[in-house]
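Student:
2 protein chains.
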Amino acid sequence: MTVDVQGAASALLRENDILILTHRRPDGDTTGCAGALCRGLRQLGKRAFILENPEITRRYAPMIVPCYPESGFVPQFIVSTDIAEQKLFTDNAKQYEDKIDLVIDHHRSNELFGKENLVRPDAGGCAEVIYDVLMAMGVRLTQDIAECVYVGVSTDTGCFKFSNTTAHSHAVAAACLSAGIDGGEINRALFETKSRPRFDMERIIFETMEFLHEGKIALAVLRRADITRTGADMDDLDSIASLTRQIEGVQVGITLTENSDGTTKVSVRTTKEVDASAICKKCGGGGHLRAAGASFGAELSTEEARAAILKAAEEVYEQSDV
Amino acid sequence: MTVDVQGAASALLRENDILILTHRRPDGDTTGCAGALCRGLRQLGKRAFILENPEITRRYAPMIVPCYPESGFVPQFIVSTDIAEQKLFTDNAKQYEDKIDLVIDHHRSNELFGKENLVRPDAGGCAEVIYDVLMAMGVRLTQDIAECVYVGVSTDTGCFKFSNTTAHSHAVAAACLSAGIDGGEINRALFETKSRPRFDMERIIFETMEFLHEGKIALAVLRRADITRTGADMDDLDSIASLTRQIEGVQVGITLTENSDGTTKVSVRTTKEVDASAICKKCGGGGHLRAAGASFGAELSTEEARAAILKAAEEVYEQSDV
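As you go down the protein sequences, you meet chains R and Y in turn.
For what it's worth, the working numbering labels the leading residue of the first sequence as 740, then goes sequentially.
For what it's worth, the working numbering labels the leading residue of the second sequence as 740, then goes sequentially.
1. Can you name the residues that DSSP bridges to residue 933 (chain R)?
2. Report the residue from Y:802, Y:937, Y:944, Y:742 whose alpha carbon sits nearest the alpha carbon of residue 891 (chain Y).
3. Are any of the Cβ atoms in chain R nearer than 7 Å to that of residue 1027 (chain Y)?
4. Do residue 1024 (chain R) and residue 1030 (chain R) have their CB atoms nearer than 7 Å?
5. Based on Cα-Cα distance, which residue from Y:968, Y:1037, Y:1014, Y:1036 lies nearest to residue 1026 (chain Y)?
6. For residue 848 (chain R), count the other beta carbons within 10 Å of its own beta carbon; 16 or more makes it buried, fewer makes it exposed. Which is it?
7. In three-state terms, what does DSSP make of residue 761 (chain R)?
8. Any Cβ of chain R within less than 7 Å of the Cβ of residue 900 (chain Y)?
9. State the DSSP-derived secondary structure class of residue 916 (chain Y), mapped to helix, strand or coil.
10. Measuring only the C-alpha atoms, how far is residue 845 (chain Y) from residue 1052 (chain R)?
11. By the 10 Å Cβ neighbour count, where 16 or more other Cβ atoms means buried, how is residue 814 (chain Y) classified, buried or exposed?
12. Quick check on residue 878 (chain R): does DSSP put it in helix, strand or coil?
13. Specify the secondary structure class of residue 997 (chain R) as computed by DSSP and reduced to three states.
14. Assuming residue 887 (chain Y) contacts residue 771 (chain Y) (C-beta within less than 8 Å), just tell me the rounded distance between them.
15. Between which residues of its own chain and residue 783 (chain Y) is the CB-CB distance below 7 Å, once the five residues before and five after are set aside?
16. Would you kindly work out how many angstroms separate the C-alpha atoms of residue 793 (chain Y) and residue 773 (chain Y), rounded to a whole number?
17. Can you confirm whether residue 923 (chain R), when its beta carbon is compared against all beta carbons of chain Y, has any partner nearer than 7 Å?
18. Smallest Cα separation from residue 776 (chain Y): which of Y:947, Y:941, Y:819, Y:991?
19. Leaving out the 5 sequence neighbours to the left and right, which residues in its chain are closer than 7 Å to residue 1008 (chain R) when beta-carbon positions are compared?
20. Drop a sphere of 10 angstroms on the beta-carbon of residue 860 (chain Y), count the other beta-carbons inside from all chains shown, and report buried for 16 or more, exposed for fewer.
21. Quick check: what's the CA-CA separation for residue 999 (chain Y) versus residue 963 (chain Y)?
22. Short of 9 Å Cβ to Cβ, which residues in the segment 776-797 of chain R face chain Y?
23. My output table needs one value for residue 856 (chain Y): the three-state DSSP class, helix, strand or coil.
24. Count the other CB atoms within 10 Å of the CB of residue 1061 (chain R); is the residue buried (16 or more) or exposed (fewer)?
25. Let me check understanding here. Comparing Cα to Cα, which of R:778, R:765, R:787, R:812 lies closest to residue 796 (chain R)?
26. Based on the DSSP secondary-structure assignment, which residues constitute the bridge partners of residue 1008 (chain Y)?
27. In this structure, does DSSP put residue 812 (chain Y) in helix, strand or coil?
28. Tell me whether residue 937 (chain Y) is buried or exposed, calling it buried when 16 or more other Cβ atoms sit within 10 Å of its Cβ.
29. Taking buried to mean at least 16 other C-beta atoms within 10 Å of its own C-beta, is residue 812 (chain R) buried or exposed?
30. For the beta strand (DSSP E) holding residue 957 (chain Y), just list the boundary residues, first then last.
31. Quick one: does residue 976 (chain Y) have its CB under 7 Å from some CB of chain R?
32. Extract the residue ranges of the alpha helix (DSSP H) inside the segment 766-850 of chain R, only unbroken runs of 4 or more that lie entirely within it.
33. Quick check: the Cα distance between residue 1045 (chain R) and residue 758 (chain Y), rounded to an integer number of angstroms?
34. How would you write the range of the beta strand (DSSP E) that residue 951 (chain Y) sits in, first residue to last?
35. Determine the closest residue to residue 788 (chain R) out of R:940, R:807, R:1011, R:822, with distance taken between C-alpha atoms.
36. Could you name the residues of chain R that residue 916 (chain Y) contacts, counting a contact when the two beta carbons are closer than 8 Å?
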């Protein structure tokens, strides 16, 4: 069943002992959503926790780690935030796979796996939907809640830069700033500051990036040796794939990352004329129109993976209206 | 005399044959302000033009060039937008230096050189003030006006990332998006796309950046030969100085640019613990707390300029509370 904001708010107001789930490879939106919702429910006097996310990184940990369940907690109502499909559940959430009471999300592809589902594809960040639900429940937008909402919206909209940013995204951000948060400092930490490992990885990408097809296709390889040498972790490599597409004239940006298990991850970013998901589908992957990915097994060398994705890109590019 | 938004709106509603001025080294805010104000005045049936800016770059030209005066135009009322002091007037505006009827600005240091002065230091972009004036005049926010306002606010706030972004900045952005502009495309052009010369210059900076004082001071030099070789122009070098400060741990970022006349431009960017203007004052320059600059004459080599600014930075750094 699908519900609207009021429906989701009513369900949450009715329930207690609420457990909130976040998705694999947690980003600012899923953790911001969970952090804001949990704190809002507690403000209303409810018992609420966020399930441990084994993949949480230092950047987003402060929003969810303080809300991890106390021992002996038995959830009565399970909410997933920003999770498009059950495949994205963390391992410790598998036990709840068919027991989701309420799905709150903004992915158009959401599989509506909850008993009740609030899905709003128009929202730039899922945290915008959480904000609306919190307001409908009568939650006061305190500074800690506003910070979580703001991080969710700003990370998913590229700090209000991407085309998914709407008037509503800005209205929610305005409310968060009015609640007294220091947006400048939050953004500095999220978007401005490059760690030294990140800087070193960018330096390597800049030095080794190849331009093919008269600069229409850019290709970068993140070698395992470089990742190890620079000490880059998942936070450091976050969104690094978008670097290729930022260069004028580049319509297809390909980034290959050598994983420690010998597999190769491929990220493809395109401008609107070329279908990134079509490129990745040719290599067994998938994704969105302008951002997609694929994986190559350890039986293929990076060079072979490079050749395969480049061939796919060239084929799709040739058929595109460019 | 200082006036409020209503006062400025009343003055503009009363007048006709209005000429609008922009500042030297025109940025997105001064051109966005002028473009929005001129189009708004015309919507109300007034004759209004923007004085030619000899330094206009291709990026911001579309907002002001179509509004340049027709021959024989004799202005009756002169408005300056986003201009903090008369020193920033373009050469062709010098004739109006003591004839400014209305100053609209957001710089705290504004010297109130107009007969009437509307200065709002709380505004992230001066275009926010223009927006308020346009609304007070009863102007309809058409798409072309909204684009100018949006460019002004987004460029001056680093696309809503900097600490000068307020709830009002977001509210103005929300209104602009509601007017139907394509924020995603505008931002892609303004912030996402790197020209090849820009990319090549960044590559050179990344390769040659020095880290001194255990990584607390970063120093980059833009050599004239590299600028010539890459073909970088003023648009391409815009805000390139901020790259140094973006690296974790860097508290003072110094960028030296070799000008074609043999002089050297220095840009200093600091985190909040170190006073950038104090560093530049030691070399005859000045500026803001976190962003300042200085110039060295052609009699000094780049190496001598480098040594001088580095010495100044080390002295200020030693005295800072870091």
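Note that CB positions come from ideal geometry on N, CA and C, so glycine has one too.
Tutor: Reading off the structure:
1. Y:986
2. Y:802
3. no
4. no
5. Y:1014
6. exposed
7. coil
8. yes
9. helix
10. 48 Å
11. buried
12. coil
13. strand
14. 5 Å
15. 876, 878
16. 15 Å
17. yes
18. Y:819
19. 980, 981, 983, 984, 992, 1015, 1029, 1030
20. exposed
21. 7 Å
22. none
23. strand
24. exposed
25. R:765
26. Y:992, Y:1030
27. coil
28. buried
29. exposed
30. 956-961
31. no
32. 767-782, 800-803
33. 58 Å
34. 949-951
35. R:807
36. 904, 905, 906, 909
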